[in-house]
Amino acid sequence: MKKIRRFLFMAAIAGTMMVLGAGCGAKNESASGGGTQQKETAKSNAASDGEAAEGPKVEIKVKDYGTIKLTLDEDNAPITVDNFVKLAKDGFYDGLTFHRIIDGFMIQGGDPLGNGTGGSTETIKGEFSKNGVDNTISHKRGVISMARSQNMDSASSQFFIVQADSTYLDGQYAGFGYVTEGMEVVDEICEKVTGQDQNGLVPKENQPVIESITVED
Numbered sequence: 026m027k028k029i030r031r032f033l034f035m036a037a038i039a040g041t042m043m044v045l046g047a048g049c050g051a052k053n054e055s056a057s058g059g060g061t062q063q064k065e066t067a068k069s070n071a072a073s074d075g076e077a078a079e080g081p082k083v084e085i086k087v088k089d090y091g092t093i094k095l096t097l098d099e100d101n102a103p104i105t106v107d108n109f110v111k112l113a114k115d116g117f118y119d120g121l122t123f124h125r126i127i128d129g130f131m132i133q134g135g136d137p138l139g140n141g142t143g144g145s146t147e148t149i150k151g152e153f154s155k156n157g158v159d160n161t162i163s164h165k166r167g168v169i170s171m172a173r174s175q176n177m178d179s180a181s182s183q184f185f186i187v188q189a190d191s192t193y194l195d196g197q198y199a200g201f202g203y204v205t206e207g208m209e210v211v212d213e214i215c216e217k218v219t220g221q222d223q224n225g226l227v228p229k230e231n232q233p234v235i236e237s238i239t240v241e242d
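Here it is as structure tokens:
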């Protein structure tokens with residue numbers, strides 16, 4: 026069932042990506058792996074990368090689920106990190122939701138409209154190799170990355186956290202940090218949230234709420 030769901034998502038998102046300044050989500054261009062074995066294999070990779078990185082420390086508190094702790098990577102994605110930190114410190118994310126959730130792939134949030142079409146007032150340069158930027162972060166389990174539309178410079182506020190290795194996204198999306206604690210929160214969200222459509226969009230009443238995103242000074 027999960028494989029069918031991921032295939033339907035892949036086909037639908039490829040046909041419905043809109044060119045929006047806010048960015049409307051990660052494009053799943055090929056079938057991604059999933060399952061417990063892959064999650065466990067990738068877990069140590071994400072944790073070790075996060076511990077090695079030096080950058081802003083962030084906590085995402087998700088209502089009824091817990092806290093996800095991350096370290097952001099200013100060396101690989103300075104523009105993206107600066108944008109995310111500014112929005113977090115401004116309280117932009119407080120009260121928003123994770124609106125797109127696909128078990129075995131990722132959780133996506135940061136849209137004030139809660140439907141994948143919203144964003145902040147500004148867009149930023151896409152910091153990935155396809156857009157001429159040398160960003161070595163690989164989309165393995167635990168990486169946080171920016172969602173965007175087909176326009177490579179359309180990312181604004183929407184982000185996603187990779188649940189299972191999705192390295193086919195490398196070079197096309199701007200990874201900018203790593204989960205250091207709380208991947209069990211991501212797993213629980215993926216496993217418990219229901220009602221998604223074929224694009225992974227969650228009904229508003231089922232969307233996990235981001236209580237706050239705080240940055241350690």
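So this note's numbering is basically just the index in the sequence shown, starting at one, shifted up by 25. Where a beta carbon is used, it is the ideal one built from N, C-alpha and C, also for glycine. Given the structure is predicted, the values throughout are model-derived calculations rather than measurements.
- Item | Helix, strand or coil at ILE127 [DSSP, three-state] | On the sequence shown, position 102 is the one that residue 127 refers to. Note: ILE127 maps to strand in three-state DSSP.
- Message: So for THR148, helix, strand or coil by DSSP?
- Response: As a working note, residue 148 is residue 123 in the sequence shown. Residue state, collapsed to three classes: coil.
- Task: Determine which residues share a DSSP beta bridge with GLU206 and list them.
- Result: For this step, residue 206 is matched to residue 181 along the sequence shown. Bridge partners of GLU206: LYS94.
- Query: How do the region 109-116 and the region 153-161 stand: do at least 3 beta-carbon pairs fall below 8 Å, yes or no?
  - Reply: no
- Please state if the CB of SER145 and the CB of SER170 are separated by a distance shorter than 8 Å. Walking along the sequence shown from the start, residue 170 turns up at place 145. Walking along the sequence shown from the start, residue 145 turns up at place 120. No; because the gap between Cβ atoms is not below 8 Å, this pair is not in contact.
- Task: Report the three-state DSSP secondary structure of SER170 (helix, strand or coil).
- Result: Here residue 170 is taken as the residue at index 145 of the sequence shown, counted from 1. SER170: strand per DSSP, three-state reduction.
- According to DSSP, is LYS229 helix, strand or coil? The sequence position of residue 229 within the sequence shown is 204, counting from 1. Helix.
- Give the DSSP-derived three-state secondary structure of GLU213 in the structure shown. Translated into positions along the sequence shown, residue 213 becomes position 188. It is helical.
- Hey, would you say ALA189 sits closer than 8 Å to PHE130, going by beta carbons? For this step, residue 189 is matched to residue 164 along the sequence shown. For this step, residue 130 is matched to residue 105 along the sequence shown. Closer than 8 Å, so yes.
- What residue does the alpha helix (DSSP H) around LYS111 start on, and which one ends it? Within the sequence shown, residue 111 is the residue found at index 86, counting from 1. Note, LYS111: alpha helix (DSSP H), 103-114.
- Task: Kindly indicate the opening and closing residues of the beta strand (DSSP E) around LYS82.
- Result: Stepping through the sequence shown from its first residue, residue 82 is reached at position 57. Its beta strand (DSSP E) spans residues 82-87.
- Task: Locate the beta strand (DSSP E) running through SER237, then write down its first and last residues.
- Result: Mapped onto the sequence shown, residue 237 falls at position 212. Element bounds for SER237: 235-240.
- Query: Tell me which same chain residues have a C-beta within less than 7 Å of the C-beta of CYS215, skipping the five on either side of it?
  - Reply: To locate residue 215, count along the sequence shown from 1; it is residue 190. Answer for CYS215: ILE126, ASP128, ILE132, GLN188, listed in chain order.
- Query: Quick one: what's got a C-beta closer than 6 Å to GLU84's C-beta in the same chain, skipping five residues either side?
  - Reply: Within the sequence shown, residue 84 is the residue found at index 59, counting from 1. Excluding residues within five positions, the ones whose Cβ falls inside 6 Å are THR92, LYS94, THR239.
- Query: Taking GLU99 as the reference, which of PHE117, ASN231, THR161 has the closest Cα?
  - Reply: Here residue 99 corresponds to residue number 74 of the sequence shown, with the count starting at 1. Ranking PHE117, ASN231, THR161 by Cα distance to GLU99 puts THR161 first.
- Exposed unless 16 or more other CB atoms sit within 10 angstroms - verdict on LYS217: By 1-based counting over the sequence shown, the position of residue 217 is 192. Label assigned to LYS217: exposed.
- Item | Cβ separation of GLU236 and ASP119, assumed to be a contact under 8 Å, to the nearest whole Å | Counting from 1 along the sequence shown, the entry for residue 236 is found at position 211. Counting from 1 along the sequence shown, the entry for residue 119 is found at position 94. So it is a contact: roughly 7 Å between Cβ atoms.
- Task: Locate the beta strand (DSSP E) running through ILE186, then write down its first and last residues.
- Result: Translated into positions along the sequence shown, residue 186 becomes position 161. ILE186 -> beta strand (DSSP E) spans 184-187.
- Query: Who are the near neighbours of PHE117 in its chain, counting only those whose CB is closer than 7 Å to its CB and skipping five residues on each side?
  - Reply: Counting from one through the sequence shown, the residue named residue 117 turns up at place 92. Closer than 7 Å at the Cβ level, and outside the excluded window around PHE117, lie SER145, SER182.
- Taking just the CA atoms, how far does LEU226 sit from LYS88? Translated into positions along the sequence shown, residue 88 becomes position 63. Translated into positions along the sequence shown, residue 226 becomes position 201. Distance between the alpha carbons of LYS88 and LEU226 is about 19 Å.
- Alpha carbon of LEU138 to alpha carbon of GLU230, nearest angstrom: As a working note, residue 138 is residue 113 in the sequence shown. As a working note, residue 230 is residue 205 in the sequence shown. Their backbone Cα atoms lie some 13 Å apart in a straight line.
- Task: Go through its chain and collect everything with a Cβ distance to GLY220's Cβ below 7 Å, but skip five positions before and after it.
- Result: Reading the sequence shown from its first residue, position 195 is the one you call residue 220. Excluding residues within five positions, the ones whose Cβ falls inside 7 Å are VAL227, PRO228, ASN231.
- Given PRO81, which residues of its chain have a CB within under 6 Å of its CB, disregarding the five upstream and five downstream residues? The residue labelled residue 81 in the question sits at position 56 within the sequence shown. Result list for PRO81: LEU97, VAL110, VAL240, in chain order.
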